[in-house]
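Protein chains in written order, with the numbering used here: chain A, 13 to 325; chain B, 540 to 1211; chain C, 2 to 181; chain D, 961 to 1566.
Below is the structure:
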């Protein structure tokens, strides 16, 4: 994942909702600019324009009345525009949707892709894939404190509040990778709680989904097998799940398809062997306060473990 | 449009002067001895006396200075934050320190600077403006100051001990709750709220009573100066808003200390309850800061346009309606929580509607300037800065009221930019204006003009450099309250620019500080009324005497110094051997009765100490509430111990008005 | 002289405050403490019970709270419930099968105990075991109240650790006078 | 055969209707239970013995002995007693075979043989299997054992650490020892095995530990495994084949044991089997219910979670499933369905039917057609507000939406609580009265779902629970139920849950014990308490009755409080924590004031 492909901007909408909001923004922006220019002109005029005779109050009265009337009319227009946009972005048609249950954790995102058949559900973390042109509904809640889901290119934010589950609709019309970030202060690593959304063609999405549903690939090489053993006998299993093995921890992200993800630690580091190694040994220097403890693995074991983790396509 | 009609022209009407009561007999002489009065109203000497001060000028001055000290400290914290954010992935601060620092910055600015400093000016100026000898409940006033001071010291000491609050100034549970913020940091925050709210509530009560019962005869409701109106309305807002947050913070402490479940969703509590309670206070809070500032603006605009403010009634009603609507839009801080569409629309409408009274005020001020001749002195310069800067903040505010747009920019740097434009533009600019405006009255010396110009222009430049880029950062997706960001986000350059701006701001504040220190020693002597203003505080010496006014004035207009006739009477009949004050009726300010104000006393200080010990102790054990009640009881007993009968004067002079023999000492009428 | 006293008092307060609130994310566990662990009260040959040192985590709110988080994350609560016990013994009472000192608890977690306590060696990093040990002591009121965690955001269970009654260990190896 | 049974039932019903107090020594009417079960093992019907915990294959716990009657039971006296030396919950049923009594203790699972032919029943031998002490750490609700089984000169029982052991009944020598599971995966064995034909049937415990449940058949001869049927996973593991014909559509489909779980969750989905198996020799089917799915928090396992909480009818020879019915699809409250299935022939709607009667933890009394698996009726026998009943068309339990547990939210007043309206404590059926006798509990609860990690060998529960007395304030009840009409005949309220088994005799006396230590005899028709005796510790064991070598009728029961509700005493739990012992402590916080630990066998006679 490279910086160039990353987008995170309100003003570069990639879906219908963000586009609606961007239009509202530009309306507001130009109205505000006009108001600013006009009012500033009057303020400056009052000082600069030296008059011999003060203006009469009845003239001022008319001027102020006109000003207030203009204000009311402008505000009413903006109100209408706002409410109209609000209705437009509230929900999308319910046909052919993808349902994702998104749960906020300190400080990462857990996503479960829903399915009518329970065994077809799967769990992933920190990176969502969505099909272009299809509405997606996110059911959001939080595991601990309040977080806020926000991918500005697609939609505004929605708070993830413990004890509440709310739904937010999304749709991407342009393929691409969009960056989002937790927007509600959630503690030490609020700054490093990013989320990537990959919008891709329906075929690519279904391929991805099929793969995610599978349990983890069995290691085929000796090193990978040894690496799996390192994983299973170390502290990793306490918090992480790799489906197909006995590791069933729920405190950290699901690693079943770790190698398909572009980043680790909620967008903190690119998912490369080197970063992964650094993260496993000492996650606290990259993301101080996160809940992954430092692990002192012998160098050989670490390499085996990395080899195994890299097979988790 | 009667709203915009000017003050009735009959400002010199005789009926304003209450008729004498023929039934009362007059003593031989109504003259008082100025020396005797000064002695009676004097404070006690020495350290003990310093701790016993009860007059509003000393307390107001201390309040202002203390609030500014907190402002400087919180500003330094802001600089530290900007250094951390100057570059991506900066290692200047870790998340732990950064979280404490930004929380301290917000908390101190809001609770220890913005609200108290506005009230501080109220404490100093309002009694003078209404022609009173002291603020109502002077001992409560002293108590309020001590609570404010101790609260501030407490939070900074805890910060120094690495126990500074780190949950943001709105401290959302569950993050601020027991499970996710161990230790005492959030308790410190919650208890600081209690400290400052207690202080604020006390001041509000004093101001309301001062304005309602201690006004100079003749100052009927439609002659109350706009600044006083603003302070009064603010005081009412404080009374209504602050209990909500005190309740919330107490509930939070109980959750954390005792194990209650107010905000625990598992046991039927609700984290959103906090948000409702907090913003029911938090949004009016913005107006609690902004409305006094509008009073300052009205005052300064009027003085420097050399004419009464245009649309007096409209301005007052705009304030009242702002105050009302201000309580009806707290939910716009919670749009992202996922509310029903109907509710969103309602609060959008309310949030947009509040721009109408603000707009009206704006137009009235501009009309005042158009209707007069603007003299561009330093206070007026700051007010001009206010116009431009606050306008930007107000316009982005309208944007934030729109739910869809708010959903995008909520909790981003756009909002950071917005509220700094609103709060610095809407409150700090007028406040600096107020400092430049009233500094001569308070100290007797003018603030330096040259340094003042540097201060203003550096501030304006630095401010816009710091905060304008944040609008763009927010739109580019930068959330607020992040201790760092990654290089690939592309936010580095604008942040760097912002940090440079913060440096300029820092220099400007430094210039201000130098200016104040230099001017205190070597400033130009001010005289009674250096600006030629029209309100009563300028009718006495600079700085005012112990009793404020040897003869309490009566008034015949909103700007008595401009509108009073030369033979305007003053109040006589108050004793000069005790702290006698005149109490008037609420509506028309006709004399009601005399009352005696309390002497200086150490008890408010002692009580404040006991209360502080109780509050701080209660963070560590709930038993502190029980044990701490004992010294508190002692303090209150000492405070309210009845006076011996002999001390109260039995001789009462009838209250009268009369024209002073020497017109030079009397308030003289007419615009300067 | 008086100023000095005040200064010393202030510094003492400061030290307490810092200890309570420090948040160190990369813990170096107090390994030395585990060297001399006895779980028996009997010390034949006239020997004195081994000297104890106070775990640094016990005064630290962050570490104690981490211990609390880990207590449920690692399923300790599965057996010991929220301290009242179940499959495993109660931890909020005054009975300690294998000692109540932090190093004894550390050993108990690290090596397990024969009647059903699993051995967590290699499964929980050392520093976290120490945090757990400190937290477990706080469950029966043996850690300072101003640092002990408060209630969790879950069902109302036993009194929160910062309000837990202090249960003097019954079979403590140390004489009552030496109790902290 | 069938006609004969029908006549017998009718006769018995008539007799019981006519004679409120049948004459002493009346010969037991051959009840509705199919063929006397002992015959298949010993070849000789013998009501004087007690060869399996449930007395007979039909699980009736009905004894034909009639020496003790409603009129003389008041003279019952302690004959002798025996201390087991183990102070944990004593849930076992003693066996009596050929003048010897066998008792198996809780962990460490010592098997004692007591010589009944001698006065005071001295110890003949004892067998100590020395199970791993670590097994105590994975036993969810006390380290109990529910008894042994006798056949072919062998006493077969399970040890906590997953061994099934056969011991020579005369010598006390081990014949074979089979390892069935692994404590490191959270498995334990607590059930009493059942021996059908030449097979020993054993199921595992550990629904709170993330096990994968099964029932295994071992060769009685050598302990080798004949088949193992898992209760989750693909059809081939569950032994679902072409014969499988469930009655309801929702139980049909391929690999439901996989598709009704989130991915891979079936591997750790619980659904053990630690209760009662019954056997119908005529249909050649065994019937048993599977335990709860794990973890408790239902939100962590969306789907029906088959085949947890399911009754299976299987062929004992191959294990092949014939039909199945899921009592609690997507179980919400740990409602294991391991309770006994009584094999009875009853007159239902005027028609004699081969039925299964099952008091389910969810508070409903199910009556099945045991050939087809059709639910004939499901009436509530206790207060329940979590389900409105069973839709007899679809067979599905109708849950009440607002009582569904949810993560991070305490749902209040769930009735019945996790232990259900009735737990494992077995019932007894008297063909003489046509009534079903059972103790059960009246407990409600608050429950909060939690996130939980699966860590092999540790609990996998994911819930905070706080139990308390249900409506009325009494925590237990002893009840007589008319399975034909689906009504309560009579009921005795008890302060504590009635966690003991029940036995009913031809003398129309039913025996049960209470957790505060009273052993009671009640009139089977009226529910009057006729006699009671205070024993050393609370009773959670299964009373039996036998004919001693001296020809007298004896009644025996183990006292020793423990089990899930008694863990507060047996495990020294702390009542300051209401969630201790998975929430049962809150309901039992006063128990330590009534009883202490114990482990003593009491034997009574006239």
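Backbone N, C-alpha and C define an ideal beta-carbon position, used for all residues, glycine too.
- How is residue 234(A) classed by DSSP in three states: helix, strand or coil? Residue numbering aside, residue 234(A) sits at position 222 when the first chain is read from its first letter. Helix at residue 234(A).
- Query: Quick one: Cα of residue 990(B) to Cα of residue 607(B), how far?
  - Reply: On the second chain, position 451 is the one that residue 990(B) refers to. On the second chain, position 68 is the one that residue 607(B) refers to. Cα to Cα, the separation comes out at about 18 Å.
- From the DSSP output, read off the bridge partner residues of residue 1100(D). One-based indexing of the fourth chain puts residue 1100(D) at position 140. Bridge partners of residue 1100(D): 1102(D).
- Just how far apart, CA to CA, sit residue 66(C) and residue 712(B)? The residue given as residue 66(C) occupies position 65 in the third chain. The residue given as residue 712(B) occupies position 173 in the second chain. Using only the alpha carbons, I get a separation of about 16 Å.
- Query: Quick one: does residue 805(B) have its CB under 8 Å from some CB of chain D?
  - Reply: Within the second chain, numbered from 1, the residue matching residue 805(B) stands at position 266. Cβ-Cβ to chain D under 8 Å: yes for residue 805(B).
- Task: With 7 Å as the C-beta to C-beta threshold (strictly closer), list the residues of the segment 679–708 of chain B near chain C in chain order.
- Result: 700, 701 and 702
- Query: In chain B, which residues lie less than 7 Å from residue 66(C) when you measure between Cβ atoms?
  - Reply: Counting from one through the third chain, the residue named residue 66(C) turns up at place 65. What residue 66(C) touches in chain B: 721.
- Query: Using a Cβ cut-off of 8 Å, which residues of the segment 1527–1555 of chain D contact any Cβ in chain B, in chain order?
  - Reply: none
- Three-state secondary structure (DSSP) at residue 1055(D)? Taking the fourth chain and counting its residues from 1, one reaches residue 1055(D) at position 95. Three-state result, residue 1055(D): strand.
- Query: Exposed or buried, which one is residue 1485(D) when buried takes at least 16 other CB atoms within 10 Å?
  - Reply: On the fourth chain, residue 1485(D) is found 525 positions in, with the first residue counted as 1. Result: buried.
- Start-to-end residues for the beta strand (DSSP E) that takes in residue 143(A): Numbered from its first residue, the first chain carries residue 143(A) at position 131. It spans 139–143 - the beta strand (DSSP E) in which residue 143(A) sits, taken as one unbroken run.
- Task: Tell me, please, whether the CB atom of residue 1412(D) is closer than 8 Å to any CB atom in chain A?
- Result: Here residue 1412(D) is taken as the residue at index 452 of the fourth chain, counted from 1. Chain A contact via Cβ: present.
- Neighbouring residues, chain B, relative to residue 1368(D) (Cβ below 9 Å): Against the fourth chain, residue 1368(D) aligns to sequence position 408. In chain order: 804 and 805.
- Item | Integer-rounded CB distance, given that residue 1410(D) should sit under 8 Å from residue 1257(D) | Residue 1257(D) sits at position 297 when you count from the first residue of the fourth chain. Residue 1410(D) sits at position 450 when you count from the first residue of the fourth chain. Confirmed, about 6 Å.
- Query: Given residue 728(B), which residues of its chain have a CB within under 6 Å of its CB, disregarding the five upstream and five downstream residues?
  - Reply: Within the second chain, residue 728(B) is the residue found at index 189, counting from 1. Here the set comprises 704 and 710.
- Item | Nearest-angstrom Cα separation, counted from residue 1539(D) out to residue 598(B) | Position 59 of the second chain, counted from the start, is the residue given in the question as residue 598(B). Position 579 of the fourth chain, counted from the start, is the residue given in the question as residue 1539(D). Residue 598(B) and residue 1539(D): Cα-Cα distance of roughly 55 Å.
- Of the residues that make up the segment 156–170 of chain C, which ones have a beta carbon closer than 7 Å to any beta carbon in chain D? 156, 158, 159 and 160
- Query: At a CB-CB cut-off below 8 Å, which residues of chain C make contact with residue 1159(B)?
  - Reply: Taking the first residue of the second chain as 1, we reach residue 1159(B) at position 620. Near residue 1159(B) (Cβ distances below 8 Å), the residues of chain C are 146 and 147.
- Query: How about residue 1057(D): is its Cβ closer than 7 Å to a heavy atom in the ligand MN?
  - Reply: Of ligands this structure carries none, so the ligand MN is not represented either.
- Report yes or no: is there a C-beta of chain D within less than 8 Å of the C-beta of residue 74(C)? Indexing the third chain from 1 puts residue 74(C) at position 73. Judged by the 8 Å Cβ criterion, residue 74(C) is in contact with chain D.
- Query: Can you name, in chain order, every residue of its own chain whose Cβ lies under 6 Å from the Cβ of residue 1151(B), other than the five neighbours on each side?
  - Reply: Position 612 of the second chain holds residue 1151(B). Excluding positions up to five away in sequence, the list reads 689.
- Message: Taking 8 Å as the threshold (beta carbon to beta carbon), is residue 1375(D) in contact with chain C?
- Response: Here the question's residue 1375(D) lines up with position 415 in the fourth chain. By this cut-off, residue 1375(D) is not an interface position.
- Task: Would you identify the three-state DSSP class for residue 1023(B), choosing helix, strand or coil?
- Result: The residue you call residue 1023(B) lines up with position 484 of the second chain. Looking at residue 1023(B) - three-state DSSP - the assignment turns out to be coil, as it is neither helix nor strand.
- Within-8 Å CB hit, residue 57(C) to chain B: For the purposes of this step, residue 57(C) is taken as the residue at position 56 of the third chain. Output row for residue 57(C): interface = no.
- Hey, could you find the ends of the beta strand (DSSP E) residue 1063(D) is sitting in? Locating residue 1063(D) in the fourth chain gives position 103, where the first residue counts as 1. Its beta strand (DSSP E) spans residues 1060–1064.
- Any beta-carbon of chain B closer than 8 Å to the one on residue 21(C)? Here residue 21(C) refers to the residue found at position 20 of the third chain. By this cut-off, residue 21(C) is an interface position.
- Task: Assign residue 975(B) to one of three DSSP states: helix, strand, or coil.
- Result: Counting from 1 along the second chain, the entry for residue 975(B) is found at position 436. Residue 975(B) falls in the helix class under three-state DSSP.
- Item | Beta-carbon neighbours of residue 153(C), restricted to chain B and to distances below 9 Å | Reading the third chain from its first residue, position 152 is the one you call residue 153(C). Residues of chain B passing the Cβ test: 717, 718, 803 and 805.
- Sequence-distant residues of the same chain with beta carbon closer than 6 Å to residue 40(C), five excluded per side: Taking the third chain and counting its residues from 1, the one referred to as residue 40(C) is at position 39. Within the same chain, residue 40(C) has close Cβ partners 99, 100 and 105.
- Quick one: what does DSSP say residue 880(B) is sitting in, helix, strand or coil? Position 341 of the second chain, counting from 1, holds the residue named residue 880(B). Residue 880(B): helix per DSSP, three-state reduction.
- Item | Test item: CB-CB of residue 1223(D) and residue 134(A) under 8 Å | For this step, residue 1223(D) is matched to residue 263 along the fourth chain. For this step, residue 134(A) is matched to residue 122 along the first chain. For residue 1223(D) and residue 134(A), yes; Cβs fall inside 8 Å.
- Task: Kindly say whether residue 547(B), judged by its beta-carbon, lies nearer than 8 Å to any beta-carbon of chain A.
- Result: By one-based count along the second chain, residue 547(B) stands at place 8. Interpretation of residue 547(B) is limited by its pLDDT of 42, a score under 50 that renders its predicted location unreliable; the figure taken from the coordinates is listed afterwards. Chain A, which has no Cβ nearer than 8 Å to the Cβ of residue 547(B), makes this no.
- Which class does residue 1311(D) belong to by DSSP, given the choice of helix, strand or coil? For the purposes of this step, residue 1311(D) is identified with residue 351 of the fourth chain, where counting begins at 1. It is a strand residue.
- Message: Quick test of your reading: residue 1061(D) and residue 1047(D), contact by CB under 8 Å. State the CB separation rounded to the nearest angstrom.
- Response: Looking up residue 1061(D) in the fourth chain gives position 101. Looking up residue 1047(D) in the fourth chain gives position 87. The Cβ separation is near 20 Å, so there is no contact.
- Is the beta carbon of residue 950(B) less than 8 Å from the beta carbon of residue 845(B)? For the purposes of this step, residue 950(B) is identified with residue 411 of the second chain, where counting begins at 1. For the purposes of this step, residue 845(B) is identified with residue 306 of the second chain, where counting begins at 1. No, the Cβ-Cβ distance between residue 950(B) and residue 845(B) is not below 8 Å.
- Exposed or buried, which one is residue 829(B) when buried takes at least 16 other CB atoms within 10 Å? On the second chain, position 290 is the one that residue 829(B) refers to. The residue in question, residue 829(B), is buried, as its Cβ has 16 or more Cβ neighbours within 10 Å.
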